[in-house]
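Heads up: the structure comes next, in structure tokens.
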Amino acid sequence: MNKVIKTVTEAVHGIEDNMTLMLGGFGLCGIPENAIAELVKKGTSGFTCISNNAGVDDFGLGLLLQNKQIKKMISSYVGENDEFERQMLSGELEVDLIPQGSLAERCRAGGAGIPAFFTPAGYGTEVAEGKEVREFNGKPHILEKALHADYAIVKAWKGDTEGNLVYKATARNFNPMMAMAGKITVAEVEELVPAGTLDPNEIHTPGIFVQRIFQGDAFEKRIEQRTTRTK
Amino acid sequence: MALDKTGIAKRIAQELRDGWYVNLGIGIPTLVANYIPEGIEVEFQSENGVLGMGPFPFEGEEDADLINAGKQTITTMKGASFFDSATSFAMIRGKHVQLTVLGAMEVSESGDISNWKIPGKMVKGMGGAMDLVASADNIIVAMMHSNRAGVSKILKSCTLPLTGVGCVKKVVTDLAVLEIKDDAFHLLERAPGVSVEEIQSKTEGSLIVAGYIPEMKI
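As you go down the protein sequences, you meet chains A and F in turn.
Here the first sequence stands for residues 492 to 722, where the numbers follow my numbering.
Here the second sequence stands for residues 9 to 226, where the numbers follow my numbering.
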């Protein structure tokens, strides 16, 4: 089945105000930067964004924040973004902070047909407030529910016309789980190849989870913390 | 004299054992990787999705797709692997990682830890810290014994929002190595030249001092 779309405009087609979006990436690594830029252009707003981080002030999800298109963020870590902090402290932005492992598993569960699961993470902390607690093997666990999205927007290194995806290095992060959890999943890839080109043994995300795939026009791939050593 | 951050990292590195998979948090814990004892092999896990993390890249060889949980550019060692975030936390929650080293703002005598939020002031989020402390059997906290104003961070009970309850068993500070058991801090070692009295005076939680307390060998 051919999932290829020609333009980034088609990629975000159907995304409307107040929808829930999942966006892959960890920090600025592995984020769908072309689709984010297009959403900024499109101007739709009131989004609930599920993403591990909120970008930085002038890149990634930070651009949607600057443009006041996000109503609520569901993330695990939101440092390195002054505008985020300002909007959160002033009450303009709703924020749900959840442990990183629970966030990953909640996305995975959403895509895998598991409505909820118990995890030890967050027990005894404010994360556990209002959640069911149950003991297993003598240890308390809290009930966490699956996450779903109207659109999941992910970024892969290579993809084929069938929507099969291969990620590079740590740019994989949340992308595979989010790809599974979107009603419509849009994959932005650096290199789009014909079906049959990628080795089926090496596919990370099978095409069944992807409804639209396109090759991004340009990738800045900004580095958040450039650290090096000297020879 | 109290240890500096490097000294704390060097002391924690002595806790590493051959064949361990280890997760190092941001800050002082990251430095531990520089002082692996001779003759042992450990593999570093970074929760954003890499096992077999290597040193920082040489200038010009940075790869935007290859970072650690602190978002710093890194390299990989021979035999490294990449995986998604769900698999990464399966390694952590499933107790496949033998040691977790992380920083803290406060720890309590019952093993509670706070390190993610200062209400009204700093709200960055917990990242993977809550998953790490809730599951790991072997957690070492690297921290300063007191804050810049001299107020103890080794407490009866934490004042800041918790990251986890009853999970910390060992703490290495600039002044001491402490073990947490039976609702008290047990003094195991003191930093070179630091007296038991000084440690006592800077520890707000219950401190048990049993017998002779040796100096750390750094």
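Every residue, glycine too, gets a C-beta built ideally from N, C-alpha and C.
Close partners of residue 664/A in chain F (Cβ separation under 8 Å): 56, 57, 92, 93. Residue 513/A is positioned such that its CB atom lies closer than 9 Å to that of residue 642/A. Along the stretch 536-564 of chain A, there is no position whose C-beta sits under 7 Å from a C-beta of chain F. When Cβ pairs closer than 8 Å are counted between the two stretches, the stretch 77-93 of chain F is seen not to touch the stretch 107-117 of chain F, the count staying below three.
Excluding five sequence positions before and after residue 594/A, the CB atoms of its chain that fall closer than 6 Å to its own CB belong to 567, given in chain order. As DSSP reads the structure, residue 658/A sits in no beta bridge. Residues of the stretch 510-537 of chain A that bring their beta carbon within less than 9 Å of a beta carbon in chain F comprise 517, 518, 519, 520, 521, in sequence order. Per DSSP, residue 576/A is one residue of the alpha helix (DSSP H) stretching across 573-580. Taking the Cα of residue 14/F as reference, the smallest distance to any Cα among 118/F, 197/F, 37/F, 133/F is reached at 37/F. Residue 187/F is bridged by DSSP to 178/F, 194/F. DSSP places residue 666/A inside the alpha helix (DSSP H), whose first and last residues are 666-672.
Flagged as an interface residue toward chain F: residue 717/A, by a C-beta distance shorter than 9 Å.
With respect to chain F, the C-beta atom of residue 676/A has no partner C-beta closer than 9 Å.
Listed as beta-bridge partners of residue 647/A by DSSP are 680/A. Boundaries of the alpha helix (DSSP H) harbouring residue 38/F: 36-39, taken from the DSSP string.
Our two residues, residue 219/F and residue 226/F, have alpha carbons roughly 22 Å apart in a direct line.
Look at the beta carbons and you see the stretch 675-682 of chain A not touching the stretch 538-549 of chain A: under three pairs across the two are nearer than 8 Å. Along the stretch 149-173 of chain F, going in chain order, the ones with a CB nearer than 8 Å to a CB of chain A are 169, 170, 171, 172, 173. For residue 81/F, the residues of chain A that pass the 8 Å Cβ criterion are 714, 716, 717, 718, 719, in the order they occur in the chain.
What residue 100/F touches in chain A, judged by beta-carbon distance under 7 Å, is 592, going in chain order. In terms of Cβ geometry, residue 540/A and residue 56/F do not form a close pair [threshold 9 Å].
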